[in-house]
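Protein chains in written order, with my numbering: chain A, -12 to 403; chain B, 1326 to 1626. Here a beta-carbon is modelled for each residue, glycine too, at the ideal position from N, C-alpha and C. What follows is a short report on a single structure.
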Ligand SMILES: Nc1nc2c(ncn2[C@@H]2O[C@H](COP(=O)(O)OP(=O)(O)OP(=O)(O)O)[C@@H](O)[C@H]2O)c(=O)[nH]1
Ligand SMILES: [Mg+2]
């Protein structure tokens, strides 16, 4: 059994939390004591039925205001698959929390309120989905109960969205008309929309093929920790511990260590009491090399026949996530896997106007702004382009005055 | 492309090991909070997988309420022997004796809330900058909101409205002096995942997780182990029952469930069929809708 990670996005009150509550409720994933807590809660729908959104709106402030502020993670499984859901906030003020939930997902559910159609937040979130390279998108046209389950309303909206999807280069987009509140097309197919012949949301999620995710063949392992027991019995033991980001390392593979450029060969792969012949993407292992090379945390071991780019000047897309605006005159820290080095944003190439998706010149970068910049780093980074290998093509910016994570970077090119 | 078997337990395991190694790499003085429950026992196994044949780059810390099940303490001591790592014990009894906290009174008295003070004192005394814990997001709705690297201020407080963005698998552990980070490597595991992992790894557990006969009383509709730590009076009627514990905390706040499950397979069947959540057996969560959130804001795990 494998895991599908997905998240819900869309504008405030489009019904993201309700939809997740509905998915959990209709798959019988809510336990009796949690249900009891729901029933005794004083937040109810107008018709007195339980408000399913409070299943994920777990903070006091969220329940009081009836909005989602931060991501909630929920877990459920059917006999086909395990699911990890991130319910993200729709409010623009909390976009950084939406990005947090989206960054680890394989699939996005974008909700649209059938009464309102595509609005600014729909575009913003869809744009973020495209930047993050999330391959699968489900557009759920919600609140169909409020538009008399009209095929016409549905079609008008999806025609509009298709234009957007094309502009944003979203590859696999699927459309489903739903009512999260009433449960139409969430788990069961609805009999109130005979004109829709597709699957219910759950059936789609159970089937969607996520095999084409992060299939990069580039073997990369950032070293997180060097294991050196230094006991008598293990005097010369030196193991490089890390998680294989992408690709496969096999015994006797020729490898290069970056940034030093030293080369060696894989002598042994260890995983606790096992010594496998290969280490694959996603696995946390310990590598041993034939030669005594100097390696420490922050270095990357890569396959010698497919080297990453190395540069101190990188063109990247930036999502700004701090209330304090970007300051191009100061130094930030950049964290790229296990490597942290100083950096500056040396140039803002453009900013994107979310409403029109047009790029324009800018010298300011504020909370929730998205655009293209040039990052200048103190030490060279060994990276891949985000689209080739998302695990080695992303980084975060940290403001060393506050230690906050202030920016998300997706590498697009090395600057010559 | 070569195919390989990498199922969901492998994926969860690899993620947790990655997080543990990030703690080792990013912090000066980390610690692993060990409660004696199945989640922290799972963490110990994951730490073995992350750091062996080397030593753990952190000690284990147990906040001892003085109201633990004896079986938990026995298990702890035996385990420490086996793994050969350092154990630090923070004592709630000491905090009481020093007058830092006052024992609760009345029928529902528990030391659960008091342990926050002892925890914060222990963190301050040893200057821990990161504390690894076994909390999972599926346990409770406030936990469902917490980051994997969760920054606490000088007073141990969690501010749920100002959490740092946490993207991809990049964890920002930068903090100012006095602050510390709570780290949750098994955030994305469910209760059932933990049990399936324990079965797969053949991890030994304290005996109270399995069915046994014990003296109990009924309290607020739940079965509680009869013990000197429970304030009992004439109305409380002690009887014997075949029970087990689904989660292990303090004797005064952890309820037992009636169970015949003596093997791990039985337990997994039982949980799969259960209609009650694990936290349903914790009186400390029943106080109010935001009980966990409030305790976390105050420095609780
Ligand atoms: N009629 C109708 N109402 C719905 C439907 N889905 C959600 N709602 C209502 O819309 C309101 C907002 O729902 P939420 O689920 O909280 O919306 P959200 O998208 O999670 O909002 P944020 O997280 O704050 O962005 C609630 O009052 C819901 O009951 C639907 O399908 N039909
Ligand atoms: Mg919501």
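Discussion item. Just to make sure I have the definition right: I need the residues of chain A whose C-beta is within less than 7 Å of the C-beta of residue 1377 (chain B). Which are they?
Written reply: Indexing the second chain from 1 puts residue 1377 (chain B) at position 52. Here the neighbours are 259.
Worksheet item: Using the beta carbon as the reference atom, which residues fall closer than 5 Å to any heavy atom of ligand 2, ordered along the chain?
Response: A:3, A:4, A:55
Worksheet entry | Where residue 51 (chain A) falls, given that 16 or more other Cβ within 10 Å makes a residue buried | On the first chain, position 64 is the one that residue 51 (chain A) refers to. Residue 51 (chain A) should be labelled exposed.
Worksheet item: Just the Cα atoms here: how many angstroms apart are residue 1474 (chain B) and residue 1411 (chain B)?
Response: For the purposes of this step, residue 1474 (chain B) is taken as residue 149 along the second chain, with counting starting at 1. For the purposes of this step, residue 1411 (chain B) is taken as residue 86 along the second chain, with counting starting at 1. Near 24 Å, if we compare the C-alpha coordinates of residue 1411 (chain B) and residue 1474 (chain B).
Discussion item. With H, G and I counted as helix, E and B as strand and the rest as coil, what does DSSP make of residue 232 (chain A)?
Written reply: Reading the first chain from its first residue, position 245 is the one you call residue 232 (chain A). Reduced to three states, the DSSP call for residue 232 (chain A) is coil.
Discussion item. Quick check: what's the CA-CA separation for residue 1417 (chain B) versus residue 1443 (chain B)?
Written reply: Taking the second chain and counting its residues from 1, one reaches residue 1417 (chain B) at position 92. Taking the second chain and counting its residues from 1, one reaches residue 1443 (chain B) at position 118. Straight-line Cα distance between these residues: approximately 6 Å.
Worksheet item: So, is residue -7 (chain A) buried or exposed, given that buried needs 16 or more other C-beta atoms within 10 angstroms?
Response: Here residue -7 (chain A) refers to the residue found at position 6 when the first chain is read from its first residue. With 16 or more Cβ atoms within 10 Å of its Cβ, residue -7 (chain A) is classed as buried.
Discussion item. Counting C-beta neighbours from all protein chains within 10 Å, is the total for residue 86 (chain A) 16 or more, i.e. buried, or is it exposed?
Written reply: As a first step, residue 86 (chain A) is located in the first chain; it is residue number 99 there, counting from the start. Result: buried.
Worksheet item: Along chain B, in chain order, which residues have C-beta atoms closer than 7 Å to that of residue 481 (chain A)?
Response: Absent from the structure is residue 481 (chain A), since the part of chain A shown begins at -12 and ends at 403.
Worksheet item: So, does the CB of residue 1490 (chain B) fall closer than 8 Å to a CB anywhere in chain A?
Response: Residue 1490 (chain B) sits at position 165 when you count from the first residue of the second chain. Chain A contact via Cβ: present.
Fill in: residue 1305 (chain B) versus residue 1565 (chain B) - alpha carbon distance
Residue 1305 (chain B) falls outside the range modelled here, since chain B spans only 1326 to 1626, and no answer is possible.
Worksheet item: If the cut is a Cβ gap below 7 Å, which residues of chain A does residue 1522 (chain B) touch?
Response: To locate residue 1522 (chain B), count along the second chain from 1; it is residue 197. Simply none; closest approach about 13 Å.
Worksheet item: Within the 8 Å Cβ cut-off, does residue 250 (chain A) reach chain B?
Response: For the purposes of this step, residue 250 (chain A) is identified with residue 263 of the first chain, where counting begins at 1. Closer than 8 Å: no.
Item to complete: Compare the C-alpha of residue 282 (chain A) against each of A:207, A:377, A:247 and name the closest.
Response: Numbered from 1 along the first chain, position 295 holds the residue referred to as residue 282 (chain A). Of the listed residues, the one whose Cα sits closest to residue 282 (chain A) is A:247.
Item to complete: Run down chain A in chain order and give the residues with a C-beta less than 8 Å from the C-beta of residue 1483 (chain B).
Response: Here residue 1483 (chain B) refers to the residue found at position 158 of the second chain. Ordered by position in chain A, no residue passes the 8 Å Cβ test against residue 1483 (chain B), which lies about 11 Å from the chain.
Practice prompt. Give the secondary structure of residue 263 (chain A) by DSSP, where H, G and I count as helix, E and B as strand, and everything else as coil.
Written response: Counting from one through the first chain, the residue named residue 263 (chain A) turns up at place 276. In the structure shown, residue 263 (chain A) sits in coil (DSSP, three-state: anything other than H, G, I, E or B).
Worksheet entry | Cβ-based burial, residue 1480 (chain B) [other Cβ within 10 Å; buried from 16] | Along the second chain, one-based indexing puts residue 1480 (chain B) at 155. By the neighbour-count rule (16 or more Cβ atoms within 10 Å), residue 1480 (chain B) is not buried but exposed.
Discussion item. Can you list, in chain order, the residues of its chain with a C-beta nearer than 7 Å to that of residue 151 (chain A)? Leave out the 5 residues immediately preceding and following it.
Written reply: For the purposes of this step, residue 151 (chain A) is taken as residue 164 along the first chain, with counting starting at 1. If we look at residue 151 (chain A) and ignore the five residues flanking it on each side, its Cβ neighbours are 105, 110, 113.
Discussion item. Which of the three DSSP states is assigned to residue 393 (chain A) in this structure?
Written reply: Taking the first residue of the first chain as position 1, residue 393 (chain A) is located at position 406. Strand, per DSSP.
Worksheet item: Is residue 78 (chain A) near ligand 1, in the sense that its beta carbon is under 7 Å from a heavy atom of that ligand?
Response: In the first chain, counting from the first residue as 1, residue 78 (chain A) sits at position 91. True, at least one ligand heavy atom lies under 7 Å from that Cβ.
Discussion item. Taking 8 Å as the threshold (C-beta atoms), are residue 1346 (chain B) and residue 266 (chain A) in contact?
Written reply: Along the first chain, read from residue 1 onward, the residue named residue 266 (chain A) stands at position 279. Along the second chain, read from residue 1 onward, the residue named residue 1346 (chain B) stands at position 21. No, Cβ-Cβ distance for residue 266 (chain A) and residue 1346 (chain B) is not below 8 Å.
Worksheet item: Which of the three DSSP states, helix, strand or coil, is assigned to residue 212 (chain A)?
Response: Taking the first chain and counting its residues from 1, the one referred to as residue 212 (chain A) is at position 225. Residue state, collapsed to three classes: strand.
Worksheet entry | Those residues which DSSP pairs with residue 330 (chain A) across a bridge | For the purposes of this step, residue 330 (chain A) is taken as the residue at position 343 of the first chain. A:319, A:364.
Discussion item. According to DSSP, simplified to helix, strand and coil, what is residue 129 (chain A)?
Written reply: Position 142 of the first chain, counted from the first residue, corresponds to residue 129 (chain A). It is a strand residue.
Discussion item. Closer than 8 Å is the cut-off here; do at least three beta carbon pairs connect the region 1379 to 1388 of chain B with the region 1532 to 1545 of chain B?
Written reply: no
Practice prompt. Counting only the same chain and skipping the five closest in sequence on each side, list residues whose C-beta sits under 8 Å from that of residue 345 (chain A).
Written response: As a first step, residue 345 (chain A) is located in the first chain; it is residue number 358 there, counting from the start. Within the same chain, residue 345 (chain A) has close Cβ partners 339.
Worksheet item: ligand 1 heavy atoms versus the CB of residue 32 (chain A): any closer than 7 Å?
Response: As a position in the first chain, residue 32 (chain A) is number 45, starting the count at 1. For ligand 1, at least one heavy atom lies less than 7 Å from the Cβ of residue 32 (chain A).
Worksheet item: Taking a cut of 7 Å between CB atoms, which residues from the region 1339 to 1363 of chain B lie near chain A?
Response: Under the 7 Å Cβ criterion, the region 1339 to 1363 of chain B contributes 1339, 1342, 1343, 1346, 1347, 1349, 1350.
Worksheet item: Mind checking whether the beta-carbon of residue 135 (chain A) lies closer than 7 Å to any heavy atom of ligand 1?
Response: Position 148 of the first chain, counted from the start, is the residue given in the question as residue 135 (chain A). Answer for residue 135 (chain A): no, Cβ out of range of ligand 1.
Worksheet entry | For residue 1446 (chain B), the nearest candidate out of B:1470, B:1419, B:1460 (CA to CA) | Position 121 of the second chain, counting from 1, holds the residue named residue 1446 (chain B). For residue 1446 (chain B), the nearest C-alpha among the options comes from B:1419.
Item to complete: Just the C-alpha distance for residue 1476 (chain B) and residue 59 (chain A), rounded to the nearest angstrom, thanks.
Response: The residue given as residue 1476 (chain B) occupies position 151 in the second chain. The residue given as residue 59 (chain A) occupies position 72 in the first chain. Their Cα atoms are separated by approximately 17 Å.
Item to complete: Report yes if the C-beta distance between residue 1378 (chain B) and residue 221 (chain A) is below 8 Å; otherwise report no.
Response: Taking the second chain and counting its residues from 1, the one referred to as residue 1378 (chain B) is at position 53. Taking the first chain and counting its residues from 1, the one referred to as residue 221 (chain A) is at position 234. Between residue 1378 (chain B) and residue 221 (chain A), the C-beta spacing is below 8 Å.
Worksheet item: For residue 1348 (chain B), does the three-state DSSP call read helix, strand or coil?
Response: Start at 1 with the first residue of the second chain, and residue 1348 (chain B) comes out as number 23. Helix.
Worksheet item: In whole angstroms, what is the alpha-carbon distance linking residue 329 (chain A) and residue 23 (chain A)?
Response: The count along the first chain starts at 1 and reaches residue 329 (chain A) at position 342. The count along the first chain starts at 1 and reaches residue 23 (chain A) at position 36. Going by the C-alpha atoms only, they are around 51 Å apart.
Worksheet item: From this set, B:1332, B:1329, B:1359, B:1458, which residue's C-alpha is nearest residue 1621 (chain B)'s C-alpha?
Response: Sequence index remark: in the second chain, residue 1621 (chain B) carries index 296 (1-based). Of the candidates B:1332, B:1329, B:1359, B:1458, the one whose C-alpha sits nearest the C-alpha of residue 1621 (chain B) is B:1458.
Worksheet entry | Those residues which DSSP pairs with residue 1549 (chain B) across a bridge | Along the second chain, one-based indexing puts residue 1549 (chain B) at 224. DSSP lists B:1542, B:1580 as partners of residue 1549 (chain B).
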